[in-house]
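Structure first, commentary second.
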Amino acid sequence: MYDEFCPILLNQFKSRDYTKFETFDAALDEFYSKIESQRAEQQQKAKENTAAQKLNKIRQDQVGTLAQTDNTLL
Amino acid sequence: MSRHRYPVESCRVFERTTIEKLQASLVSSKEDDNDETVKDNGNGSNASNVAKEKQGTQKSGKASTLKIVLGEALGYGPALSEHIILDAGLIPSTKVPKDKTWDNATIQALVQAVVKFEDWMQDIISGEVVPEGYILMQNKNLGNSSSISQPGSVSQVVLYFPLI
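Order-wise, the sequence lines are chains A and U.
Counted from 1, the first sequence has number 38 at position 38 by this note's numbering; the numbering is strictly sequential.
Counted from 1, the second sequence has number 128 at position 54 by this note's numbering; the numbering is strictly sequential.
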């Protein structure tokens, strides 16, 4: 996902992943044409992950409860 | 850059930094460190006054580093200050010497790096060169994002640029 844009590659950022464009204008066009959808996608993924974690927790709780019930019946 | 307010109050006419101006600014920055009540000494360059006043209140209690001092001297912001220092082959977190004098080799290296950057900026301003563009990707591990920036330094990335 895009983070930020700049017209000069700062030395402190050279170790980061980046995409180079022929012109600064091209970089801006690319950045602003995709950043909104990327943010929306990231938020969606975060929601999905939260829901999946909740589901897993419920599943584990129920498996635990089932095991306890089995032990009690035996 | 895209997430922060543009520091309009720092906008000014482009003026090249000479070695004398850089040295004077480094000295005046040190004086400011010693006496924080002095905010307008009138000796510093016009370019650095705004940055000095803005940053002077933020770094009270912190040890001055080359990055902070050069940032105040040039007025281009902390990100470009760090860039220029790295370009000069120096370390941004270098502490201000106790005898309060920067050696000649350091100043020469800084001057060359500043000239290189200002050559680039002059070409952009004059329209001779169309700047390239770079899009940086987010770090996957945000917790370990800053490998070069030092703790205690100004972490906000603001790139001052002559063309809005």
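Ideal Cβ placement from N, Cα and C applies to all residues, glycine included.
Note that the coordinates shown come from a computational prediction; the quantities given were computed from them, not determined experimentally.
For residue 169(U) and residue 137(U), which I take to be in contact (beta-carbon distance under 8 Å), what is that distance rounded to the nearest angstrom? About 6 Å separates the CB atoms of residue 169(U) and residue 137(U); that is less than 8 Å, so the two are in contact.
Would you mind sorting residue 33(A) into buried or exposed? The rule is 16 or more other CB atoms within 10 Å of its CB. That one is exposed.
Along the chain, where does the alpha helix (DSSP H) that runs through residue 19(A) open and close? In the DSSP assignment, residue 19(A) falls outside any alpha helix (DSSP H) and lies within the beta strand (DSSP E) extending over 18-21.
Identify each residue in the segment 18-34 of chain A for which the Cβ-Cβ distance to at least one residue of chain U is less than 8 Å, and report them in chain order. Listed by position, the residues of the segment 18-34 of chain A near chain U (Cβ gap below 8 Å) are 18, 19, 20, 21, 22, 23, 24, 25, 26, 27, 28, 30, 31.
Could you name the residues of chain A that residue 153(U) contacts, counting a contact when the two beta carbons are closer than 7 Å? Residues of chain A passing the Cβ test: 10.
Please confirm if residue 149(U) has its CB atom under 7 Å from at least one CB of chain A. Not an interface residue.
Bridge partners - residue 211(U), DSSP secondary structure assignment: 2(A).
Please report whether the beta-carbon of residue 210(U) lies at a distance below 7 Å from any beta-carbon of chain A. With 7 Å as the cut-off, residue 210(U) counts as an interface residue toward chain A.
Out of 84(U), 144(U), 207(U), 83(U), state which residue places its alpha-carbon closest to the alpha-carbon of residue 95(U). The shortest CA-to-CA distance from residue 95(U) to any of 84(U), 144(U), 207(U), 83(U) is the one to 144(U).
Give me the DSSP bridge partner(s) of residue 65(A). Looking at the DSSP assignment, residue 65(A) forms no beta bridge with any residue, so it has no partner.
Can you have a look at residue 80(U) and say buried or exposed, based on whether 16 or more other CB atoms are within 10 angstroms of its CB? With fewer than 16 other Cβ atoms within 10 Å, it is exposed.
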